[in-house]
Amino acid sequence: MNSAAFVVIAILTLAAALAAASLPKLIHAALSFAVAFIGIAAFFFLLGAEFVGLVQVFVYVGAVAVLIVFTILLTRRDVQDTGKPNRGGAIIAIAVFGGLLWAILKTSALSIAAPQIEALTVKRIGGVLMTDYVWPLQCVGLLLTAALIGALILVMEDRNEG
Amino acid sequence: MSGSLDQIFIRIKQLLLAPVAGAPDWLMQITSALINIFALLGIFLTLFALISVLERKILGRMQNRYGPNRVGPFGLFQPVADGIKMLIKEDIVPARADKVVHFLAPILIAATAILALGVIPYGRNMTPFSIDGGILFFFAVGSTTELAVFMAGWGSNNKFSMLGAMRAIAQMISYELPLIITTFPVVMVVGALSPDAIVAAQNGYWFGVVPHWFVTTPWGAAAFILFFVSGLVESNRTPFDVPEGESEIVAGHMTEYSGFKYATFFMAEYIGMFAISGLAVTLFLGGWHAPIRGLEFIPSYVWFFVKLSILLFIYIWARGTLPRTRIDQIMNFAWKFMLPMAFTCIIAAAVWHYAGRGVAGWFWSLAVLGVVYIALSILLDTRKKFATRTYRFAE
Amino acid sequence: MTPTLQLFLVVSATLFSIGLLAALSRRHAIFILIGIELMLAAANLNFIAFWRFGPQPQPPTGVMIAIFSIAIAAAEAVVGLAMVIAVYRHYRTTNVDQLDQLKG
Amino acid sequence: MTRGIVTNLWLIPAAPLAASLIILSLSNSRRSAGAVLAIVGQVVALTLSILVFSLTLQTPGFRVVHNFTWFTFGENALLIGWVLDPLAAAMLVMIALVGLCIFIFSIGYMADDKNFTRFFAYLSFFSGAMLGVVIANSLLLLFVCWELVGLASYLLIGFWIEKPSAAAAAKKAFITTRIGDMGFFLGILWLYGRSGTLLFYDDGRGCLENAGLIALGASATFIALLIFCGAVGKSGQFPLHVWLPDAMEGPTPVSALIHAATMVAAGVFLVARVYPIFSLGAINGVTPSLSVVVSIGVITALMASLVALGQFDIKRILAYSTVSQLGLMMVSLGVGGVAAGMMHLIAHGFFKALLFLGAGSVIHGCDQEHDIRKMGGLRRLMPITFLTYAVGMMALSGMPFFFSGGWTKEEILHATAHWHASHLPHYLMLAGIVLTALYMTRQMIYIFLGNRRAASEHAHESAPVMTMPLIVLALCAIFFSVVLTPAWPWLHGYLTGEPAPFDIARLIQPMLFVSLALVGAGIGLGVWMYRKAGAQHGQRPAETDPLEYAQPALFQFLKNKMWLDELYAHTVIAFSWMGARLSDWMDRYFWDGLVRGFGGLGQIFGIFTTDFDERGINAGVDETTAGARGLGRLISTGHSGQIQTYLGVIAIGMLALLLLYAWLA
């Protein structure tokens, strides 16, 4: 993996994320959120986890982003971010950032290069999913079903008022 | 002889790469990638132009009139004329539009459509970007289209556009499920997500005559039909073109687009169509394999494009034949029929596999499909459920 | 020179902080969701990076955790957005600093 | 081959059960689908039953079992399994066939019921559960299916749940049978404690085989009696018979199913199944438990047939006849005539189903009229029903030579005559036969002969879908007697595993003529007594029963079921009521007074302490509470209700943790 790609992707991702966090218009924020996630997927590609990257794009750009824009449409009354941003929150976030950065930089053990690995094929992932991680897989399936039903119940309009 | 003809494009690429032979690795990669990209764009934009005029001519024939026949021989230069017209037209952007989004939407939609083309094997060793999770890549990119459509609808701040975008997204999401699930049986049977492996798995012939394509198995046939219908919806073609139903909402999410942006949308729609059909060919119709052993001397890419153009003709045929469906009919069809049938295809494929992939398996999976199909057709029998039509007015 | 693990961690830390910023400072409920998603993505990036830079060969544990967390994040987003819609129906606002019914 | 079939024996009950599940999943409007499914399930069960039946014909004394571990707790596993032997096979065929007839009949009978599909689901469930009882090779499995039968009967008796009487009857049936099942379950536990297995046959180790029986020892008597409690409850033996007549509240096909094929048969079948436990350590065929069975049976038989004389509800009469017939079977089992009892059970299954369906047809024809006094003269209006009903009546009252009931009764009489303990049951049974003939004649006269009355004005013959089953069952009731004649005791031989030689000479034997004479006497008496029944005769008004006119007191006694319900109401229930009153009184006056007294003392003490309390303690307490309240307010300000604040706090905590670790490292 070459550093040029890394730099490009990093700049893209962080810029998009910052835009998602700070743009005044919700729609723009949501779209740049999607871009940020594409960037993260690119990172995964760079790290040799193509499958995860594809899943990332698939889930976030294909599903979550669309969901978000749908929500924005359904709560259309205030698409503008009402109220002034919360100063304290910003300060805390920056403090956390500083702390993390400091912690990462002071640990010298982290400055290592990537070892050579055999490519992580989809076949292998599938095998592991179906053997070692089969119970987590089942649980996630259950969770998703529950989330689906729960979401439906939450947004269901009861007849007498709807 | 035939081999050399078959691999002629590979040779050409090698020749083009020769000058940068000594260059570092990444330069090589970039060059070959660029070559692939330009090849793709060249081929498919030509095909787009060709199809756009052919469609008009075929539709014309179907409707007892001549299609375009003025520009050039048989009006074959019609697309050129259209292109020029589109280019020199004024590009109108609504005043209240969200400029950035409005501008980005066509670019994004075209980009995704073209990206999806990248993973399809067009011939022996002719996969532009062969990645391990090719199918997944295809759908991941395809799912981005919805966002682009939404951007178009939202960006051009217009009721019709918004409604059209909503309809488009709704039906795209609904039909993405059957579209993806119908690929599962193939992926399961082959045991790989990469298109190359899938095509390789469809090599050979039953009893030396019937090609090893998955469409020749019951589950394959069913999955292919479901896939094709979902593809129709995904590319917003008749009979599922409610998003741009001229009679209802002017042109759906493209209402506010004019000039070259509109052309881009138009192109994106066609290229998406090519991509879906190409994937269908790859998954079910044996990719670039020849239908009859005797005809294997014909180059592989020819076969691919023959199959592709047959599918495209069916698209056009459907457009010429079928009326437009209601949005609620489309939705019901998606959730109540397509999805269960898609899941059934998975089961049928599993049955086929465990019954030894032979004649027995063939019959068993046919039985599974038949049972479910009959059950569904009994359950969804709407003949006696015609309710009196109710009108709702805005209060 | 190829990027080291540190660089990836720095990126993910930045991403995390941006997510936190969005979740803490913006008033709109959807922004908070976006921020949370960003933080989750940063965590995934960490998992993958540690798996990649970890001693090889090894089972793809990091990848697995990333996949599962993506699935769970999807579920979380679905429910969260549904709640946003429900809240909006009820209070006619999605501005979280007006939603303080639970104050002590 | 055989092994494989027995291994898959579970398919027989599974078919109707599956059918019922599918039907339940159908919407209420898919009536035809429901009926068809139910019938298909039953047909499958019938075919399989006939298959296994033919299998058991091959070798005399055929018995194959298939056992498997249900679950293991600790070190000992709980095994269940299926058994296939003549007893089971014969019951299977009988249940499946009778059930099928009843199913078909109910298509016509329930045609205009709004819960048509639900009804068929319950029916299938019922028959499936009963088939399960029959094939069970483990007392536990049998008990499970047994309870399923109880549940199904509850659902079906209370099928017209909107009728309060139906609901009450369902409850009564359920609770009454539960009382018996209580004992049954105790018996099971005891049995398991003694023999350590609940399997009937487990090549030598089963609880009905030598090893298990030896393990039981002296406790066998009590175990047998406890199990018999269950049988008493299910088969409506005295004193738990009270639910059976009330069960008539259900739809008529249900009554047919309960009385003929499934529910009540279960009790007799149970006794026959665990007969070795009863007969353990018998001195020439007499054991204490068996004597109990006999006495209960005799009491039931006589009591029921007497009560039947005083009833006017067509179905109640049949219900009491069932009770008495079951008593007869119990007697037969008790005196050692297991084969005779089972034969009578099977024969009874057919002709009782016939009678009930006939009654159903009559009720259907007289638009839901149950009172026989309002019927009459239906002979011409419903010829098929009349003829078939007459066949059933003959069979029930035990007319020999031509009707199945006759032979089996004769067998039973034979068995009772050779009982060593006493001859009393024998003579009582003879009396019972007379009574049976009597009340059946009465019913016939009331319903079919004489002049037409209110309900039978517009009566009409039922649809073929209802009469066909009647004809089938009638033919069964007649031709069944072929395999029952002592001349060729085929079924007897089949059940007992002995050879059944053909010997025309044995056709003629004294007992036969005795019973023939008795039946004749009964019918004659009936004709003489009730010749003018239902019509105005002398100074007797039309609606009073001749017997009522002659013996008012006796008739009232019978009419009110010997006041047994009232007896229970005034003993069992009254006792508990009195207990409640007593404890209430104790509570009100005695304990309350005591408490008051203590309370008074406390008050007096309190007066002294208040003073100190006010000055000393309260002050301190007030201070504390004030402090706590203030603290609470202080803390609660943190609960701003702002999620972002909470998030921020979490973030700060994370940061602090991070710094802490960094500092530690």
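Residue numbers (the working numbering), protein chains in the order written: chain A, 172 to 333; chain B, 123 to 517; chain C, 119 to 222; chain D, 654 to 1318.
A virtual CB, placed ideally from N, CA and C, is assigned to each residue, including glycine.
From a predicted model like this one, the values you see are computed outputs, not experimental measurements.
Who does residue i pair with in a DSSP beta bridge?
| i | result |
| --- | --- |
| L149(B) | DSSP, once it has assigned bridges, lists no residue as partnering L149(B). |
| S791(D) | L852(D) |
| W616(D) | Lying outside 654 to 1318, the shown extent of chain D, residue 616(D) is not represented and no answer is given. |
| N729(D) | F726(D) |
| P333(B) | Y327(B) |
| V939(D) | I936(D) |
| D1024(D) | D966(D) |
| H146(C) | N213(C) |
Which residues in the same chain as residue i place their Cβ atom closer than 8 Å to its Cβ, once the five residues preceding and following it in sequence are excluded?
| i | result |
| --- | --- |
| L149(B) | V142 |
| E332(A) | At E332(A) the pLDDT is 48, less than 50, meaning the model places this residue with poor confidence; the figure from the coordinates comes in the next sentence. Hits under 8 Å: none found. |
| A1084(D) | L955 |
| V214(C) | R145, H146, A147 and I150 |
Assuming the contact rule is C-beta atoms closer than 8 Å, residue i and residue j should be a hit. Round their C-beta distance to whole Å, please.
| i | j | result |
| --- | --- | --- |
| G1321(D) | S1168(D) | The requested residue 1321(D) is not part of the displayed model; chain D covers only 654 to 1318. |
| L314(A) | I190(C) | 7 Å |
| S352(B) | L301(B) | 4 Å |
| T404(B) | P340(B) | Actually they do not touch by this definition, with Cβ atoms about 20 Å apart. |
For residue i, tell me which candidate among the options has the shortest Cα-Cα distance.
| i | options | result |
| --- | --- | --- |
| G180(C) | V240(A), L319(A), W306(A) and L291(A) | L291(A) |
| H997(D) | G1018(D), Y973(D) and A1130(D) | A1130(D) |
| E177(B) | I438(B), L401(B) and I152(B) | I438(B) |
| I236(B) | N247(B), G245(B), F251(B) and F225(B) | F251(B) |
| V312(B) | H334(B), Y392(B) and A292(B) | H334(B) |
| A877(D) | L897(D), Y928(D) and M916(D) | Y928(D) |
| G219(A) | P178(C), L217(C), M201(C) and R144(C) | P178(C) |
| L643(D) | A318(A), E221(A), G270(A) and V326(A) | Past the boundaries of the shown model lies residue 643(D); chain D is included only from 654 to 1318, so the question cannot be answered. |
| G394(B) | E378(B), F336(B) and V271(B) | V271(B) |
| I1025(D) | A993(D), K1062(D) and G963(D) | G963(D) |
| L662(D) | A686(D), L690(D), S685(D) and L708(D) | L708(D) |
| G833(D) | W799(D), L809(D), R847(D) and I810(D) | W799(D) |
| S431(B) | Y392(B), R415(B), L444(B) and N454(B) | Y392(B) |
| A464(B) | P190(B), T304(B), K179(B) and L181(B) | T304(B) |
| Q174(C) | M301(A), V293(A), P307(A) and P286(A) | P286(A) |
| L1144(D) | A1012(D), E1267(D), A992(D) and G734(D) | A992(D) |
Please work out which residues of its chain come closer than 6 Å, Cβ to Cβ, to residue i, disregarding the five sequence neighbours upstream and downstream, and give them in chain order.
| i | result |
| --- | --- |
| M123(B) | For M123(B), the predicted model reports a pLDDT of 44, less than 50, meaning its position is unreliable and no value from the coordinates is stated. |
| I468(B) | F306 and P307 |
| I371(B) | F282, L285 and G286 |
| V921(D) | S888, M982 and L998 |
| G934(D) | none |
| A200(A) | A191 and L194 |
| L879(D) | G836, L839 and G840 |
| V263(B) | T234, L237 and A238 |
Kindly list the residues whose CB is nearer than 7 Å to the CB of residue i, restricted to its own chain and excluding five residues on each side of it in sequence; keep chain order.
| i | result |
| --- | --- |
| I1009(D) | Residue identity check: residue 1009(D) is Phe in the sequence provided, not Ile. Excluding positions up to five away in sequence, the list reads T905, S908, A909, H912, A913 and L971. |
| T466(B) | V490, L491 and V494 |
Is it the case that the stretch 204-215 of chain A contacts the stretch 157-166 of chain C, given that we only count it when at least three CB pairs across the two stretches are under 8 Å? Three or more Cβ pairs closer than 8 Å define a contact, and the stretch 157-166 of chain C meets that threshold against the stretch 204-215 of chain A.
Which residues, in order along the stretch 260-271 of chain A, keep a beta-carbon less than 8 Å from a beta-carbon of chain G? Protein chains in the displayed structure are A, B, C and D, and chain G is not among them.
Taking 8 Å as the cut-off, does the stretch 903-912 of chain D touch the stretch 854-865 of chain D (at least 3 CB pairs, one atom from each stretch)? Touching, no.
Three CB pairs or more closer than 8 Å across the stretch 228-235 of chain B and the stretch 377-390 of chain B: In short, these stretches touch, since the Cβ pair count reaches three.
I'd like to know if the stretch 964-979 of chain D and the stretch 1009-1016 of chain D are in contact, where contact means that at least 3 CB-CB pairs between them fall below 8 Å. Judged by Cβ distances under 8 Å, the stretch 964-979 of chain D makes contact with the stretch 1009-1016 of chain D, as three or more pairs qualify.
Would you call the stretch 667-680 of chain D and the stretch 1110-1127 of chain D in contact, with 3 or more CB pairs under 8 Å? The stretch 667-680 of chain D vs the stretch 1110-1127 of chain D: no contact.
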